[in-house]
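2 protein chains.
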Amino acid sequence: MGLVERKIREKEELKDSILKAAKKLFLERGFEKTSIRNIADEIEYSPGIIYHYFKDKNEIFHALHTEGFQELRKRMSILSAIVDPMSRLRAMGKIYLEFGLTNEDMYDLMFIIEAPIDHLETRDDLCWSEGDSSFNQLRITVKECMQKGHFQGHRLEPLSFMIWATVHGMVSLKIRKRVNILEVSEVENIVENSYQSFLMVLDKL
Amino acid sequence: MGLVERKIREKEELKDSILKAAKKLFLERGFEKTSIRNIADEIEYSPGIIYHYFKDKNEIFHALHTEGFQELRKRMSILSAIVDPMSRLRAMGKIYLEFGLTNEDMYDLMFIIEAPIDHLETRDDLCWSEGDSSFNQLRITVKECMQKGHFQGHRLEPLSFMIWATVHGMVSLKIRKRVNILEVSEVENIVENSYQSFLMVLDKL
DNA sequence: TGGAATTTTAAACACTGTTCAATTATATTT
DNA sequence: AAATATAATTGAACAGTGTTTAAAATTCCA
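Protein sequences appear in the order of chains A and B.
In terms of our numbering, the first sequence has 983 at position 186, counting the first letter as 1, and numbering is strictly consecutive.
In terms of our numbering, the second sequence has 911 at position 114, counting the first letter as 1, and numbering is strictly consecutive.
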């Protein structure tokens, strides 16, 4: 009988609708101002129901952060067509920055907000698999660059982290509104222009 | 008569004690868990009194963020002894990183948390003077490097921002717990080692 | 149709930032 | 010294937060 299956599907549907509502509200008002009661209102259920599908607010936003990584991975998938590792590395940074700048809130959730990471800790899950697979893609590309003779004298792990930190720094300073100190004419395209500087740096290595 | 002056001093003393209490609680429990009522308890006054000295919670934490910049400036003051701009730039990054890693919460407040910046916006103050003077110190040093023939082909503003973004990226990924994806043996000293990579990069420019 | 299982709710708990009328304390003037 | 004016401080209230839980409503199956 498909009854049990339908029940399960309906449960999943409600879980999905919670996530959809949470995402909608999160994108239009941010993390702090998206409350459990708001989400419940949106799906026209009482607040308590949410706790039958998610342990707490952190778990909801961990699920949303995972959706963000799916989107990022999707965008990164075109990289497999680029055989030259240096070109691939350059394109990777460009995609990363573009993702961050056009999805500020999702980027914030994935790389700045504490909630999704705090959720992992309560699960003593110990591993941030979404971040891990993304960083690994970077690590592999940097490794290939090194195998082709680039980045001599550098160690793989610190160099990869430095590259990540550079692009993350740019996006996060922008998102958290620390770029207004720049010359007004530079503010708008500062990330793009800084990335150009960074690419020039990489080429010299 | 010194009566009026004493009154003013006592007012200032209470304002100071609010800040001291806020700082204490902030450093031991973080921003979200430091409530107005906690601060009031700490100084043994009622919660309402705080609003006669500060407009809101954001203003309190803007004041604390300013204290953080005073400390950072103090640490940066030794840089004036370094005449070679490249050496000064290297030392500057080192001080910045050390400050961030040994004062995680203060760094968080200065460069990640929204409260102090949100406070500026309500004041239509428009300018983040603390960040401005700090970044200007970097800008001046980079300019001197360029005048000595370094960083050829780069533009001052984007390059300076890129350098800031790199060190900020390292500290903020650490503070917001995004570094557990690294090889376990690398996690502990990742910022220091990545900065070594960054210094090697700067030298080649 | 009746009882068991499941889903959903409403109310409660202990918090949060903020406002404001009322109270207390201090200072000034008569 | 007493009365008045001024300033400092309070406590309660408002509207919100995440979370838990006993009770109610619904669905399922024999």
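Virtual Cβ for every residue (Gly too), placed ideally from N, Cα, C.
Work out the CA separation of residue j and residue i for me, nearest whole Å.
{"i": "S969/B", "j": "E895/B", "result": "13 Å"}
{"i": "M907/B", "j": "R870/B", "result": "13 Å"}
{"i": "S957/A", "j": "S874/B", "result": "32 Å"}
{"i": "G897/A", "j": "R872/A", "result": "12 Å"}
{"i": "S926/A", "j": "E841/B", "result": "46 Å"}
{"i": "F851/B", "j": "R834/B", "result": "14 Å"}
{"i": "K1001/B", "j": "Q949/B", "result": "11 Å"}
{"i": "E980/B", "j": "K891/B", "result": "23 Å"}
{"i": "L811/B", "j": "L822/A", "result": "40 Å"}
{"i": "I857/A", "j": "C924/A", "result": "18 Å"}
{"i": "V988/B", "j": "W961/A", "result": "12 Å"}
{"i": "Q818/B", "j": "H965/A", "result": "The sequence given here has Ala at residue 818/B, not Gln. Taking the straight line from one Cα to the other gives about 33 Å."}
{"i": "M889/A", "j": "L876/A", "result": "7 Å"}
{"i": "D921/B", "j": "L996/A", "result": "36 Å"}
{"i": "I972/A", "j": "I914/B", "result": "12 Å"}
{"i": "I815/A", "j": "I836/A", "result": "7 Å"}
{"i": "F866/A", "j": "S832/B", "result": "33 Å"}
{"i": "I910/B", "j": "L953/A", "result": "31 Å"}
{"i": "L935/A", "j": "V976/B", "result": "14 Å"}
{"i": "I937/A", "j": "G928/A", "result": "14 Å"}
{"i": "M789/A", "j": "V998/B", "result": "This structure leaves residue 789/A out entirely; chain A is present only between 798 and 1002."}
{"i": "E809/A", "j": "H849/A", "result": "12 Å"}
{"i": "D838/B", "j": "S931/A", "result": "45 Å"}
{"i": "K854/A", "j": "T899/A", "result": "25 Å"}
{"i": "Y893/B", "j": "A912/B", "result": "22 Å"}
{"i": "G799/A", "j": "D813/A", "result": "Because the pLDDT at G799/A is just 41, under 50, the model does not fix this residue reliably, and the value given afterwards should be weighed accordingly. Cα to Cα, G799/A sits roughly 21 Å from D813/A."}
{"i": "I847/B", "j": "R887/B", "result": "42 Å"}
{"i": "P1009/B", "j": "H916/A", "result": "Here chain B has residues from 798 to 1002 only, and residue 1009/B is not among them."}
{"i": "N933/B", "j": "V984/A", "result": "15 Å"}
{"i": "S982/A", "j": "G845/A", "result": "50 Å"}
{"i": "G946/B", "j": "A878/B", "result": "21 Å"}
{"i": "L901/B", "j": "M967/B", "result": "Reading off the sequence, residue 901/B comes out as Glu, not Leu. Each residue's alpha carbon lies about 12 Å from the other."}
{"i": "T963/A", "j": "S843/B", "result": "46 Å"}
{"i": "E918/A", "j": "N986/B", "result": "22 Å"}
{"i": "L824/B", "j": "I978/B", "result": "26 Å"}
{"i": "H951/A", "j": "K974/B", "result": "24 Å"}
{"i": "E868/A", "j": "K820/A", "result": "14 Å"}
From the DSSP output, in three-state form, read off residue i for me.
{"i": "F1007/A", "result": "Because chain A in this structure spans residues 798 to 1002, residue 1007/A falls outside the shown range and cannot be described."}
{"i": "V998/A", "result": "helix"}
{"i": "Q993/A", "result": "helix"}
{"i": "G799/B", "result": "The predicted position of G799/B is uncertain, since its pLDDT is 42 and thus under 50; a value taken from the coordinates is nonetheless stated next. Coil at G799/B, not helix or strand."}
When you measure from the CB of residue i to every non-hydrogen atom of the ligand FAD, does any distance come out below 7 Å?
{"i": "S884/A", "result": "Summarising the ligand content, the structure contains no ligands, and the ligand FAD is consequently not present."}
Practice task
Starting from the N-terminal side, write out each stretch of the alpha helix (DSSP H) that is 4 residues or longer and does not extend beyond the segment 901–986 of chain B.
Solution key: Fully enclosed alpha helix (DSSP H) runs of 4 or longer: 901–908, 912–919, 926–944, 953–972 and 981–984.
Practice task
Flag this pair as touching only if the segment 902–916 of chain B and the segment 850–865 of chain B have three or more C-beta atom pairs under 8 Å; answer yes or no.
Solution key: Judged by Cβ distances under 8 Å, the segment 902–916 of chain B makes contact with the segment 850–865 of chain B, as three or more pairs qualify.
Handout entry: Minimum length 4: unbroken alpha helix (DSSP H) runs contained in the segment 810–879 of chain B
Key = Complete alpha helix (DSSP H) runs here, min 4: 833–840 and 854–873.
Problem - At least three beta-carbon pairs within less than 8 Å, the segment 936–946 of chain B to the segment 875–885 of chain B - result: In short, these stretches touch, since the Cβ pair count reaches three.
Handout entry: the segment 989–996 of chain A / the segment 818–830 of chain B touching (three or more Cβ pairs under 8 Å)
Key = Three or more beta-carbon pairs separated by less than 8 Å are not found between the segment 989–996 of chain A and the segment 818–830 of chain B, which leaves the two stretches without contact.
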